Amino acid sequence: MIDIQAVTARETFSVRRPVLRKGRPMEDCHFSGDELGTTFHLGAFEKDKIIGVTTCLMNKDVRLEKLREFKLHHCYQLRGMAVLETMQGKGVGKKLLKRAEQLLKEKDIKVIWFNARIAAVPFYEKMGYEVVSDLFVIPNVGDHFKMIKIL
Ligand SMILES: CC(C)(COP(=O)(O)OP(=O)(O)OC[C@H]1O[C@@H](n2cnc3c(N)ncnc32)[C@H](O)[C@@H]1OP(=O)(O)O)[C@@H](O)C(=O)NCCC(=O)NCCS
0 MIDIQAVTAR ETFSVRRPVL RKGRPMEDCH FSGDELGTTF HLGAFEKDKI
50 IGVTTCLMNK DVRLEKLREF KLHHCYQLRG MAVLETMQGK GVGKKLLKRA
100 EQLLKEKDIK VIWFNARIAA VPFYEKMGYE VVSDLFVIPN VGDHFKMIKI
150 L
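The sequence shown runs contiguously to residue 150 in numbering that gives the first Met the number 0.
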């Protein structure tokens, strides 16, 4: 059984590192905004082991036309969505994202946006997200699209 719980930024590192920052030092697992009061982190647990994580932070990409009509306090960015390789494709990511959306709706958040790795775009599309940018490159990470969902 998969259980979703609130975790600290530090607790996400054991999943962020092997999945998103492979072979890189632990410091690279820290994201700016991790410790802000408006930021929260979720972990997916199987028994006592953390197998998936995501981070939600209040943020607005002011260059993104589709976000223009929304106030900052109605926008959340999703970051560091990751499931351990051996646990991918079993519904863990879906469960994490659904919980994040539910919590954000409860906070009266109107829109979720993020930079999606190209390989993850079909996953997010399945979850109702829309590509709203051209392809762009994040140095050391790879090709991305911006995606959004209005809640
Ligand atoms: C992307 C990721 C978070 C998805 O989590 P996951 O647990 O593997 O995905 P799920 O099993 O919950 O999949 C949910 C649905 O999306 C589909 N899906 C997942 N990944 C997919 C892909 N790459 N292509 C097509 N469909 C995909 C699943 O088939 C499933 O469909 P269903 O509901 O009809 O059965 C995970 O695979 C991962 O960590 N990937 C590597 C890191 C990464 O790219 N993170 C995103 C950074 S932006």
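Yeah, the Cβ is synthetic: ideal placement off N, Cα and C, and Gly gets one too.
What you are looking at is a predicted structure, and each value in this text was computed from that prediction instead of being measured.
| message | Taking DSSP's pairing of strands, which residues face Phe12 in a bridge? | response | Counted from its first residue, the sequence shown places residue 12 at position 13. None; Phe12 has no bridge partner.
| field | heavy atom of ligand 1 below 7 Å from Met93 C-beta | value | Here residue 93 refers to the residue found at position 94 when the sequence shown is read from its first residue. Per the sequence shown, residue 93 should be read as Lys rather than Met. Lys93 Cβ: within cutoff of ligand 1.
| message | Beta-carbon within less than 8 Å of Phe44's beta-carbon, same chain only, minus the 5 sequence neighbours each way: which residues are those? | response | As a working mapping, residue 44 is identified with position 45 in the sequence shown. Closer than 8 Å at Cβ, skipping near neighbours: Ile1, Asp2, Ile3, Gln4, Ile50.
| Is the distance from the Cβ of Leu78 to the Cβ of Phe135 below 8 Å? | Mapped onto the sequence shown, residue 78 falls at position 79. Mapped onto the sequence shown, residue 135 falls at position 136. Note that residue 78 is Arg in the sequence shown, not Leu. No. Outside cutoff.
| task | Could I get the ranges of all uninterrupted alpha helix (DSSP H) runs contained in the stretch 44-99, with 4 residues as the minimum, in chain order? | result | Listed in chain order, the alpha helix (DSSP H) elements of length 4 or more contained wholly in the stretch 44-99 amount to none.
| request: Please report how far the alpha carbon of Leu63 lies from the alpha carbon of Phe39, in whole angstroms. | output: Reading the sequence shown from its first residue, position 64 is the one you call residue 63. Reading the sequence shown from its first residue, position 40 is the one you call residue 39. C-alpha separation (whole angstroms): 23 Å.
| task | Answer with buried or exposed for Arg20, where buried requires no fewer than 16 other C-beta atoms within 10 angstroms of its C-beta. | result | For the purposes of this step, residue 20 is taken as residue 21 along the sequence shown, with counting starting at 1. Result: buried.
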